[in-house]
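K.L.:
Residue numbers (our numbering): 3 to 106.
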């Protein structure tokens with residue numbers, strides 16, 4: 003059952019990515035916002051959790067470094083500067099690593 007839930011959640015992650023991209027580029031209608039909120043609520047009830055990466059220390063157990071850029075400040079060296087694709091956990095298990103940009 004856990005494996006089936008993981009497969010289903012993993013299959014839905016690209017849909018969540020599309021919602022996030024669309025929300026950044028255009029205004030959602032009230033109906034689309036409602037559908038998005040319901041979907042997130044249901045997935046959270048089933049144990050899906052988005053990982054917060056930006057500003058966190060880079061951890062290869064949680065993050066996949068897509069690229070490195072010069073850190074804008076000294077304290078951002080070795081930390082995640084930007085998150086390209088959110089990572090997700092299902093319960094305590096990572097089902098998708100966050101794709102990130104790391105400061106060097």
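Ideal placement from N, C-alpha and C gives every residue a C-beta, glycine not left out.
Since the model is a prediction, treat every value here as computed from it, not as a measurement.
For the alpha helix (DSSP H) containing residue 40, name the first residue and the last one.
P.N.:
Start at 1 with the first residue of the chain shown, and residue 40 comes out as number 38. Start and end: 32-47.
K.L.:
Taking all protein chains shown into account, do 16 or more other C-beta atoms lie within 10 angstroms of the C-beta of residue 92, making it buried, or fewer, making it exposed?
P.N.:
The sequence position of residue 92 within the chain shown is 90, counting from 1. Burial call: buried.
K.L.:
Secondary structure at residue 21, three-state DSSP: helix, strand or coil?
P.N.:
Numbered from 1 along the chain shown, position 19 holds the residue referred to as residue 21. Residue 21: helix per DSSP, three-state reduction.
K.L.:
Pairs of beta-carbons, one from the region 26-43 and one from the region 64-84, closer than 8 Å: are there three or more?
P.N.:
No, the region 26-43 does not touch the region 64-84.
K.L.:
Evaluate residue 104 with the Cβ neighbour count: other Cβ atoms within 10 Å of its Cβ, from every protein chain shown; 16 or more gives buried, anything less gives exposed.
P.N.:
Counted from its first residue, the chain shown places residue 104 at position 102. By the 10 Å Cβ count, residue 104 comes out buried.
K.L.:
State whether the region 60-69 contacts the region 40-47, with contact taken as three or more CB pairs (one from each stretch) at a distance under 8 Å.
P.N.:
No: the two stretches stay apart, fewer than three of their Cβ pairs being nearer than 8 Å.
K.L.:
Going by other Cβ atoms of all chains shown within 10 Å of its Cβ, with 16 needed for buried, is residue 85 buried or exposed?
P.N.:
The residue given as residue 85 occupies position 83 in the chain shown. Per the 10 Å Cβ criterion, buried.
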